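Sequential numbering from 1 applies to the sequence shown in our numbering.
All residues carry an ideal CB built from backbone N, CA and C; glycine is no exception.
All of these numbers come straight from a predicted model, not from anything done at the bench.
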Amino acid sequence: MTDIQALRATVQDLVAPAKGILAADESTGTMGRRLGSIGVENTEENRRDYREMLFRTAGASEYVSGVILYDETLRQKAADGTPFVEVLQAQGIIPGIKVDAGLSPLPGAEGEVVTQGLDGLRERLAEYRDLGARFTKWRALLNVGPAIPSAYCIETNAHALARYAALAQEAGLVPIVEPEVLMDGGHDIERTQEATEAMLLAVFRELAAQRVALDGMLLKPNMVVSGSDATGRAGPQEVAERTVAVFLRTVPAAMPGIVFLSGGQNDDDATTNLQAIAAQGAKAGAPWALTYSYGRGLQTLPLATWGGKAAAVEKAQRAFLHRCRVTSAARQGKYTPAMEKELSAV
Ligand code: 13P
Numbered sequence: 001m002t003d004i005q006a007l008r009a010t011v012q013d014l015v016a017p018a019k020g021i022l023a024a025d026e027s028t029g030t031m032g033r034r035l036g037s038i039g040v041e042n043t044e045e046n047r048r049d050y051r052e053m054l055f056r057t058a059g060a061s062e063y064v065s066g067v068i069l070y071d072e073t074l075r076q077k078a079a080d081g082t083p084f085v086e087v088l089q090a091q092g093i094i095p096g097i098k099v100d101a102g103l104s105p106l107p108g109a110e111g112e113v114v115t116q117g118l119d120g121l122r123e124r125l126a127e128y129r130d131l132g133a134r135f136t137k138w139r140a141l142l143n144v145g146p147a148i149p150s151a152y153c154i155e156t157n158a159h160a161l162a163r164y165a166a167l168a169q170e171a172g173l174v175p176i177v178e179p180e181v182l183m184d185g186g187h188d189i190e191r192t193q194e195a196t197e198a199m200l201l202a203v204f205r206e207l208a209a210q211r212v213a214l215d216g217m218l219l220k221p222n223m224v225v226s227g228s229d230a231t232g233r234a235g236p237q238e239v240a241e242r243t244v245a246v247f248l249r250t251v252p253a254a255m256p257g258i259v260f261l262s263g264g265q266n267d268d269d270a271t272t273n274l275q276a277i278a279a280q281g282a283k284a285g286a287p288w289a290l291t292y293s294y295g296r297g298l299q300t301l302p303l304a305t306w307g308g309k310a311a312a313v314e315k316a317q318r319a320f321l322h323r324c325r326v327t328s329a330a331r332q333g334k335y336t337p338a339m340e341k342e343l344s345a346v
């Protein structure tokens, strides 16, 4: 029998006031692109050094409740031989793990993808739990175009998300259900809103059908934003109103928390949009915690500051701590642009 109380307790710790999640679960391929952007070779040692810089940032645990790791990272050790899992646990940070196996073309659906990784998942989840993971993530991705996402793509991905979530709960691991409507493209915010609403309706229908306990999971959605190449992109107030409106229509109050992905928004947008959403959520009486589970939104600045140089580790850690601090402030509705100046002052 699944211990729902234990899942609930982990969920509450993950969305604790002022805190959010660091997504550091880039696959080896994605990490290669990130390291390539700063001219660093994609070796296991470089991936370790970069992640060690993040995980050993003193003070980050004030803002980071959990870290989503990748298979390699969950098993990896810091330079001094301490497993990363222990480095995080020693700071009271909960280790989590991405368990999907990435995207694959959806047959018969031009331009659409489905997430793989259900085969053997039950066994992998048991192993991840033994390795110290307490929560998990599965990402489904919906591309937006004139005729997509199709109902077929939405249904197929929603079904897989719920299959995953049910198996994670069975293994005693909190599922983070991530249906991402991709920002890439020239579509307007209206299209993002339609696609997000359709996907969330399908996801919660499937979660109910597959007997997932909503109080023992988290939702990781996109914000409702304009496509990255759209002309006249919507500002934070419109983003916040549309995002909260969509959730109020589709997300049951039993689900404890919404942890946003940053989805390639620049640091500024990821922070100001979160701030506006937190304020709008409070105004609308939103029943769920609203916080962050950012990858790029927390890492872009420290990655560039580090640049692969041991001598830059402390400076990169200050940059990471800064992004954590301002993102936490935004989650609490306390962010001001003046806070960006604090980094240059330290
Ligand atoms: P971004 O915040 O960079 O979108 O990453 C979050 C994530 O986990 C994507 O799957």
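Proximity winner among the options, relative to residue i (alpha-carbon distances)
{"i": "GLU340", "options": "THR327, ILE277, VAL11, GLN332", "result": "THR327"}
{"i": "PHE55", "options": "GLY81, PRO221, GLN91", "result": "GLN91"}
{"i": "ALA245", "options": "ALA78, ALA289, VAL224, ALA79", "result": "VAL224"}
{"i": "CYS324", "options": "GLU342, ALA310, GLY308", "result": "GLU342"}
{"i": "ASP400", "options": "THR291, THR43, LEU207, ILE189", "result": "Absent from the structure is residue 400, since the part of the chain shown begins at 1 and ends at 346."}
{"i": "PRO221", "options": "THR30, TYR128, VAL181, THR271", "result": "VAL181"}
{"i": "GLU238", "options": "GLN193, GLY29, VAL212, ALA209", "result": "GLN193"}
{"i": "GLY185", "options": "ALA202, PRO256, GLY263", "result": "GLY263"}
{"i": "ASP80", "options": "ASP71, GLU110, GLU197, GLU45", "result": "GLU45"}
{"i": "PRO302", "options": "GLN12, THR43, THR10, ALA60", "result": "ALA60"}
{"i": "ILE145", "options": "LEU69, SER104, SER226, GLN89", "result": "Just to set this straight, residue 145 is Gly in the shown sequence, not Ile. Nearest C-alpha to GLY145: SER226."}
{"i": "ALA78", "options": "ILE68, LYS98, PRO105, TYR50", "result": "TYR50"}
{"i": "GLU52", "options": "GLY102, LEU167, VAL67, ILE38", "result": "VAL67"}
{"i": "ALA24", "options": "SER293, ALA101, GLU206", "result": "SER293"}
{"i": "ALA319", "options": "LYS334, ALA58, GLY36, HIS159", "result": "ALA58"}
{"i": "ASP268", "options": "GLY120, ALA330, ALA279, ARG163", "result": "ALA330"}
{"i": "MET183", "options": "GLU206, ALA151, GLU155, ALA234", "result": "ALA234"}
{"i": "TYR63", "options": "THR28, PRO83, LEU69, ILE21", "result": "ILE21"}
{"i": "ALA168", "options": "VAL113, GLY120, TYR152", "result": "GLY120"}
{"i": "GLY29", "options": "ARG47, TYR164, LEU14, MET255", "result": "ARG47"}
{"i": "GLU41", "options": "ILE277, GLU314, GLY308, TYR335", "result": "GLY308"}
{"i": "GLU110", "options": "ILE148, ARG129, PRO95, THR82", "result": "ILE148"}
{"i": "SER37", "options": "GLU314, GLN280, PRO337, ALA304", "result": "ALA304"}
{"i": "THR10", "options": "LEU218, ASP71, LEU69, ALA126", "result": "LEU218"}
{"i": "ALA18", "options": "ALA278, SER344, GLY297, ALA312", "result": "ALA278"}
{"i": "SER104", "options": "TYR128, THR82, THR115, GLY96", "result": "THR115"}
{"i": "GLN411", "options": "VAL113, GLN89, ALA162, ALA282", "result": "Look at the range of the chain in this structure, 1 to 346, and you will see that residue 411 is not part of it."}
{"i": "ALA428", "options": "ARG191, ALA240, ALA162, THR250", "result": "The displayed coordinates of the chain run from 1 to 346. Any statement about residue 428 would go beyond what the structure contains."}
{"i": "ALA270", "options": "GLN5, CYS153, GLN299", "result": "GLN299"}
{"i": "THR156", "options": "LEU118, ARG129, GLU127", "result": "LEU118"}
{"i": "GLU127", "options": "THR336, ILE97, LEU141, ALA195", "result": "ILE97"}
{"i": "VAL99", "options": "SER344, ALA151, THR336, ALA160", "result": "ALA160"}
Buried versus exposed, by CB contacts within 10 Å (16 or more), residue i
{"i": "ASN273", "result": "buried"}
{"i": "ASN266", "result": "exposed"}
{"i": "ARG33", "result": "exposed"}
{"i": "ALA202", "result": "buried"}
{"i": "LYS137", "result": "buried"}
{"i": "THR43", "result": "exposed"}
{"i": "PRO107", "result": "exposed"}
{"i": "ARG139", "result": "buried"}
{"i": "LYS334", "result": "exposed"}
{"i": "ALA276", "result": "buried"}
{"i": "ALA311", "result": "exposed"}
{"i": "GLU314", "result": "exposed"}
{"i": "GLY295", "result": "buried"}
{"i": "GLN5", "result": "exposed"}
6 Å Cβ shell around residue i - same chain, five flanking residues per side excluded
{"i": "LEU7", "result": "VAL174, GLY216"}
{"i": "LEU131", "result": "LEU74"}
{"i": "ALA158", "result": "ALA202, VAL203, GLU206"}
{"i": "ILE258", "result": "LEU219, TRP288, LEU290"}
{"i": "ARG242", "result": "GLN193, VAL224"}
{"i": "PRO83", "result": "LYS77"}
Close beta carbons around residue i, own chain, < 8 Å, minus the five adjacent residues each side
{"i": "HIS187", "result": "VAL144, GLY145, SER226, GLY227, ALA230"}
{"i": "ALA253", "result": "PRO287, TRP288"}
{"i": "ARG122", "result": "LEU167, GLU170, ALA171"}
{"i": "ALA338", "result": "none"}
{"i": "ALA165", "result": "TRP138, PRO175, VAL177, LEU207, GLN210, VAL212, MET217"}
{"i": "ARG129", "result": "ALA171, GLY172, LEU173"}
Close Cβ partners of residue i (< 7 Å) along its chain, the five nearest in sequence each way excluded
{"i": "ALA16", "result": "SER65"}
{"i": "LEU321", "result": "THR57, GLY59, ALA60"}
{"i": "GLU170", "result": "THR2"}
{"i": "ILE94", "result": "THR10, ASP13, LEU14, SER65, GLY66, ARG134, PHE135"}
{"i": "SER27", "result": "TYR70, GLY102"}
{"i": "THR250", "result": "GLU197, LEU200, LEU201, PHE204"}
{"i": "ARG191", "result": "VAL144"}
{"i": "GLN280", "result": "ALA240, GLU241, VAL244"}
**Message:** Would the segment 210-218 count as touching the segment 167-179 if we require 3 or more Cβ pairs under 8 Å?
**Reply:** yes
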